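One structure below.
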Amino acid sequence: MLQIQLNEEERLTLQNLLDSCLSDLRMEISHTDNFRFKEMLRNRKEVLCKIKNAVASVPVAD
Numbered sequence: 184m185l186q187i188q189l190n191e192e193e194r195l196t197l198q199n200l201l202d203s204c205l206s207d208l209r210m211e212i213s214h215t216d217n218f219r220f221k222e223m224l225r226n227r228k229e230v231l232c233k234i235k236n237a238v239a240s241v242p243v244a245d
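In structure tokens:
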């Protein structure tokens, strides 16, 4: 398990970055016709969602 310490600004920046990536992935998934590529994108989206949830619960470092 990886542990990181983030201050509030870093945590918010990471959350915003993840939100942006997830939004882009949703659009790419909806516009992709290749089944294997779509599955890979869905898996990536799932991983990013898990990371986003983990970041949201990370205590803020001083």
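Heads up, my numbering is the position in the sequence shown plus 183, with the first residue counted as 1. Glycine included, every Cβ here is placed at the ideal spot set by N, Cα and C. Just so we're clear, the structure is a prediction, and the values are computed from it rather than from any experiment.
Please work out which residues of its chain come closer than 8 Å, Cβ to Cβ, to residue i, disregarding the five sequence neighbours upstream and downstream, and give them in chain order.
i, result
"Thr215", "Lys221 and Leu224"
"Gln198", "Lys235, Val238 and Ala239"
"Ile212", "Lys221, Leu224, Arg225 and Lys228"
Put residue i into one of helix, strand or coil per three-state DSSP.
i, result
"Leu185", "coil"
"Val230", "helix"
"Val241", "coil"
"Thr215", "coil"
If you measure between the beta carbons of residue i and residue j, is that distance less than 9 Å?
i, j, result
"Leu189", "Val230", "no"
"Leu205", "Lys228", "yes"
"Val241", "Arg209", "no"
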